[in-house]
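See structure below.
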Amino acid sequence: MFHIEIRQKNRPLVFYKERLYLILSFLFFLWYNVLKILCAKGKYKMHKKEIANILNDIGLLLELKGENPFKSRAYYNAARTIELLDEDIEILVKEDRLKDIKGIGEAINKKITELVLTGKMKYYEDLKASIPEGLVEMLKIPGLGPKKIKTIYEKLNITTIRELEYACIENRLIDLAGFGEKTQKKILEGIQFVKQFSGQHLYPEAYTEALKLKEYLDMTKTALVTKIAGSLRRKKEIVKDIDILAAASDSSKVMEAFVNYPGVKEVIAKGDTKTSVILKSGINADLRVVTEKEFPYALHHFTGSKEHNTAMRHRAKQMGIKMNEYGRQKM
DNA sequence: AGGCCAATACTG
DNA sequence: CAGTAT
DNA sequence: GCCT
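Under the working numbering, the first residue of the first sequence carries the number 9, and numbering increases by one thereafter.
Next up, the structure:
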């Protein structure tokens, strides 16, 4: 080892003193790399945002269950606290300092710890399974809260926004206790409002999601390089999906890694060149895999915009160059 | 053990 | 107008 | 559920 080898030469103490800085930085370098390797090898790292989202979800689900509103609030508060936390959540968990944070007590501490260590939370899984997904979506409808949703579900057995819309049109809500003409109209308008903006996501939301996804893909080391493409790469304020481009010799490995991303809710399509999924956050994500040679051209192509591409290709053509997502050659 | 945000719109 | 849901 |  390092120390022994030097000692064998029987140096004077001054030698070490003079080189203390070098030695220390070398040791630090070693330590850092070992840590880095361990991290890369280890499990997928849970982000603060995801933990916060889950706590927030629990709050919503509890409201739908008709639980004590203050209990839901406790989860909302904890979610906010976690999201705004500066410190690394994993370190906090490992040193068992989570409970020292205001707003996090016995119960939530245990749940977060379980989530960070195992990547799962039994309580949340069970809770989520006990309530139809559509009910949670209904919360996005302005003017509709957990109490009314609960009534709608229990009395009319409605579980999706679509069903709810029909029920409104058929005037089936006004009979319910606590509902009236105005409420029904408001709900119907609310549904239109939600529809209008569904499938559109704000840049910051989409971008943080995309970064996590990219970070995960890079960790799996199945691709030579990955890059966020599409309108997200162009920093559009509003995007409809996440586009990721990867270069690899074996695309199937990358696709496999992609669909196994913990943030994936549903796989829409899986092929050799393109795979589409829906993330738990509700954002669609596409992954395209090309060869290393094609990558620059593909990146240009998939960054777009479509208008930009057609204009550029038109120009290229005038210059006697053929250009597409695979490459560029003189005609 | 007992409190936890305040203002507003709607129903009955 | 009081109670309730948002 | 959390805090005092």
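Using N, Cα and C, we set each Cβ at its ideal position, and we do this for glycine too.
Label N117 either buried or exposed according to how many other C-beta atoms from any shown protein chain fall within 10 Å of its C-beta, with 16 as the threshold for buried.
-> Within a 10 Å sphere around the beta-carbon of N117 sit 16 or more other beta-carbons, which makes this residue buried.
Check the DSSP bridge columns for E274 and list the partner residues they point to.
-> Bridge partners of E274: I286.
Nearest-angstrom Cα distance between K193 and F205?
-> C-alpha separation (whole angstroms): 19 Å.
Member of K243, D294, Y224, L253 whose CA lies at the smallest distance from the CA of A265 = Y224 is the residue among K243, D294, Y224, L253 whose C-alpha sits nearest the C-alpha of A265.
As assigned by DSSP and simplified to three states, the class of H308 = DSSP, read as helix, strand or coil, puts H308 in helix.
Are the Cβ atoms of S284 and I276 separated by less than 7 Å?
-> For the pair S284 and I276, the CB atoms are nearer than the 7 Å cut-off.
Would you decide whether S239 is buried or exposed? Buried here means 16 or more other CB atoms lie within 10 Å of its CB.
-> Buried: at least 16 other Cβ atoms inside 10 Å.
Neighbourhood of L63 by C-beta, 6 Å cutoff - its chain only, sequence neighbours within 5 removed | Closer than 6 Å at the Cβ level, and outside the excluded window around L63, lie Y83, A86, A87.
Which residue from K107, G142, Y305, Q326 puts its Cα closest to that of L68?
-> Nearest C-alpha to L68: G142.
So, do the region 302-316 and the region 235-254 have three or more beta carbon pairs nearer to each other than 8 Å?
-> Yes, the region 302-316 is in contact with the region 235-254.
Separation of K235 from A60, as counted between CA atoms = Using only the alpha carbons, I get a separation of about 26 Å.
Own chain partners of M4 with C-beta closer than 6 Å, once the 5 adjacent residues on each side are dropped | With the chain covering 9 to 339 only, the question about residue 4 has no answer from this structure.
Please report the Cβ distance between I157 and L72, rounded to the nearest whole angstrom; I am assuming they are in contact, meaning their Cβ atoms lie under 8 Å.
-> Yes, they are in contact, since the Cβ atoms of I157 and L72 sit about 6 Å apart, within 8 Å.
Output the distance between the C-alpha atoms of L288 and L232, rounded to the nearest integer angstrom.
-> For clarity, residue 288 is Lys in the given sequence; the question names Leu instead. If I take the Cα positions, the gap works out to 26 Å.
Taking all protein chains shown into account, do 16 or more other C-beta atoms lie within 10 angstroms of the C-beta of A293, making it buried, or fewer, making it exposed?
-> Buried.
Start-to-end residues for the beta strand (DSSP E) that takes in R336 = For R336, the uninterrupted beta strand (DSSP E) run begins and ends at 336-338, by DSSP.
Might you give, ordered along the chain, the residues of its own chain that have their beta carbon closer than 6 Å to the beta carbon of G207, omitting 5 neighbours on each side?
-> Once the five neighbours on either side are set aside, the close Cβ partners of G207 are K248.
What is the DSSP secondary structure of R105, counted as helix, strand or coil?
-> Looking at R105 - three-state DSSP - the assignment turns out to be coil, as it is neither helix nor strand.
With DSSP run on the structure shown, which of helix, strand or coil describes R296?
-> Here DSSP, grouped into helix, strand and coil, assigns R296 to strand.
Spell out a yes or no on whether the region 168-183 and the region 207-217 are touching, meaning 3 or more CB-CB pairs, one atom from each, closer than 8 Å.
-> Touching, no, given that fewer than three Cβ pairs across the two stretches are closer than 8 Å.
Measure the alpha-carbon distance for E300 versus S260 and round it to whole angstroms.
-> Taking the straight line from one Cα to the other gives about 15 Å.
Taking DSSP as the reference, what is the three-state secondary structure of L210?
-> Here L210 sits in strand by DSSP.
Smallest Cα separation from A254: which of K148, I160, D280, T89?
-> Ranking K148, I160, D280, T89 by Cα distance to A254 puts D280 first.
Pick helix, strand or coil for M263, following the three-state DSSP scheme.
-> In the structure shown, M263 sits in a helix (DSSP, three-state: H, G or I).
Given that a residue counts as buried once 16 or more other Cβ atoms are within 10 Å of its Cβ, and exposed if not, what is A340?
-> No answer is possible for residue 340: the residues shown for the chain start at 9 and end at 339.
Residue range of the beta strand (DSSP E) that includes A255 = Where A255 is concerned, the enclosing beta strand (DSSP E) stretches over 249-255.
Give the C-beta separation of L184 and T168 to the nearest angstrom, bearing in mind that I take them to be a contact with Cβ-Cβ under 8 Å.
-> At roughly 17 Å, the Cβ-Cβ gap does not stay under 8 Å, so L184 and T168 are not in contact.
Cβ-Cβ distance between L100 and L92 below 7 Å | Going by C-beta atoms, L100 is not nearer than 7 Å to L92.
On the three-state DSSP scale, how would you describe T234?
-> In the structure shown, T234 adopts extended strand secondary structure according to DSSP, grouped into three states.
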